[in-house]
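>
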Amino acid sequence: MTVVQEIGFAFDYSAKRLQAFFDELSSDAATKENMEKRTKLRTLCNTRWTSRADALYTFKTAFPVVVHLLERLQNLGDDKAGQHLASLMRFQFVIALVVSEHVLQSTVHLSTFLQGAECDLLEAVKECKTVIEMLRSEQNDDNVWNEQYQPALDISEPFDIVENVPRWCGRQTSRANHPAETPKHYWRVSLYYPFLDHMITELDSRLLKSENRFHTQYLLPCVVEQITNDQIVTIHQTYLMDIGLSLEDFKREVERWRARCRILPSDKVPTTLCRTLDIVNPALYPSIDTILCVLLTMPVASATAERSFSVRKRLKTYIRSTIRYDRLSALGLMHIHRDFDVNLDKAMDVFVAAIKRRADF
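Here the sequence shown is numbered in full-length UniProt numbering, starting from 1 and rising by one per residue.
#1: Do V94 and F195 count as a contact pair if the criterion is CB distance below 8 Å?
#2: Is the segment 147-166 in contact with the segment 85-100, if contact means three or more CB pairs nearer than 8 Å?
#3: Enumerate in chain order the residues of its own chain whose CB-to-CB distance from R188 is below 7 Å, with the five nearest sequence positions on each side excluded.
#4: Quick check: the segment 211-225 against the segment 259-271, are there 3 or more CB pairs under 8 Å?
#5: Return the CA-CA distance between T238 and K129, expressed in angstroms with no decimal places.
#6: Can you list, in chain order, the residues of its chain whose CB lies under 7 Å from that of Y192, leaving out five sequence neighbours each side?
#7: Counting pairs of beta carbons, one from the segment 322-335 and one from the segment 248-259, are three or more of them closer than 8 Å?
#8: Taking only the alpha-carbon atoms, compute the straight-line gap between L203 and D345 and give it to the nearest angstrom.
#9: Could you name the residues of the same chain whose beta carbon sits closer than 7 Å to that of T276, not counting the 5 residues immediately before and after it, in chain order?
#10: Taking Cβ to Cβ, would you say F63 is nearer than 8 Å to T39?
#11: In whole angstroms, give me the CA-to-CA distance for L284 and V131.
#12: By how many angstroms is the C-alpha of P179 removed from the C-alpha of Q139?
#13: Of the residues R206, W257, E248 and M199, which one's Cα is nearest the Cα of I227?
#14: In whole angstroms, what is the alpha-carbon distance linking V165 and E123?
#15: Between V352 and D341, what straight-line distance do the alpha-carbon atoms span, to the nearest angstrom?
#16: Helix, strand or coil, according to DSSP, for Q115 in the structure here?
#17: Is F9 buried or exposed, if buried means 16 or more other CB atoms sit within 10 Å of its CB?
#18: Are the Cβ atoms of T50 and V125 separated by less than 8 Å?
#19: Specify the secondary structure class of V103 as computed by DSSP and reduced to three states.
#20: Tell me the residue span of the alpha helix (DSSP H) that contains F41.
#21: So the alpha helix (DSSP H) Q19 belongs to, where does it begin and stop?
#22: How would you label Q217, buried or exposed, when you count the other beta carbons within 10 angstroms and need 16 or more for buried?
#23: If you draw a straight line from the alpha carbon of D242 to that of V233, how long is it in whole angstroms?
#24: 8 Å is my cut-off, CB to CB: does H198 come that close to chain D?
#25: Could you spell out the range, first to last residue, of the alpha helix (DSSP H) harbouring G244?
#26: Tell whether a beta-carbon distance below 8 Å holds between N34 and T2.
#27: Going by the beta-carbon positions, is the gap between L44 and V4 smaller than 8 Å?
#28: What is the residue span of the alpha helix (DSSP H) that T2 lies within?
#29: Using only alpha-carbon positions, find the residue among L315, Y186 and V280 that is nearest to E163.
#30: On a Cα-Cα basis, can you pick out the residue from S205, L135, V65 and N143 that is closest to P158?
#31: Sort L240, R314 and A81 by Cα distance to A20 and report the nearest one.
#32: Taking DSSP as the reference, what is the three-state secondary structure of H185?
#33: Under three-state DSSP, which class holds V144?
#34: Which residues in the same chain as M134 place their Cβ atom closer than 8 Å to its Cβ, once the five residues preceding and following it in sequence are excluded?
#35: For a test of the three-state rule: what should DSSP assign to M334, helix, strand or coil?
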């Protein structure tokens, strides 16, 4: 993925290279149609897996255009283009590109669901189990591997990229010498299986191991009426070290919380953990307050932080480069929390009090 990222940056941050890529793409009708209205390469994102899958798909689709453009830049004396071209013209890169794009595409919808502002954590766990089961079934399916290996051969053939394996040696220190009769079997054992195992392990450690904690979602006022006795027991056992309360006392607190939620106005019933925490009184519901705080400190995605970063990128333009921190924070909060009512009269009074010489108008 490092090669894809470097080439993506090289084309994205150079107007001349970007224009050259667009011209090369325009001359290749078949690739342009497969690009589905994309006009440039996408860069990989360290946090958003959906963009990673899209970037790999775009690069795989535009592979002929990228190779031809790098060859043209190399002939013009671009040494960096020659280095990138040498990295691309290897079968190891092609098969890794195809495999990683295929596997990451399986997690696109799950990643999109986790990035939602009102994500159902239990539903996300169910979808995570579905993705893991699908990956495990594909791991032992020869047809799935054949469907990935053949596109790698199709991509390599027009550019005379030879289907091969790394050289063997008696004592290998940098990688394993996997015994394989054919290159196809070698790449399946050395690349495909480890990558699938890594994905399954990461999904399990990030989501499935915290499944019991996610039952806290049933303490939200909008769904607290649906909580069952078994779920209350599960929540108590999971957070016992944090709340230090007996099961019977915790059940009574949940019952009081359920009764409290019934009398809330229908238009003020919170639907997210953050808003629920705002209405919880720690003195009256200490266990529920602690449980919500613990769950909020273990996010399964960075989408909330990324949304605030995107807000700052839209606000702090070159025109507002000297904006003060308090002004920037106020604009950001107004942009994020659009449902808050702003009293314009109070805002005008603040400005009038700050600049008295303009009070007469």
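All C-beta atoms in this analysis are idealised placements derived from N, C-alpha and C, irrespective of residue type, glycine included. These numbers come from a predicted model, not from an experiment.
Straight from the coordinates:
#1: no
#2: yes
#3: W145
#4: yes
#5: 20 Å
#6: V99 and W145
#7: no
#8: 51 Å
#9: L220, P221, P270 and L292
#10: no
#11: 41 Å
#12: 18 Å
#13: W257
#14: 42 Å
#15: 21 Å
#16: coil
#17: exposed
#18: no
#19: helix
#20: The question names Phe, yet the displayed sequence has Leu at residue 41. It is not in any alpha helix (DSSP H) - L41 carries neither H nor E in the DSSP assignment.
#21: A15 to S26
#22: buried
#23: 15 Å
#24: Considering every chain present, this structure includes no chain D. It has just one protein chain.
#25: Segment: none, G244 is in no alpha helix (DSSP H) and carries neither H nor E.
#26: no
#27: yes
#28: T2 to D12
#29: Y186
#30: V65
#31: A81
#32: helix
#33: helix
#34: S106
#35: helix
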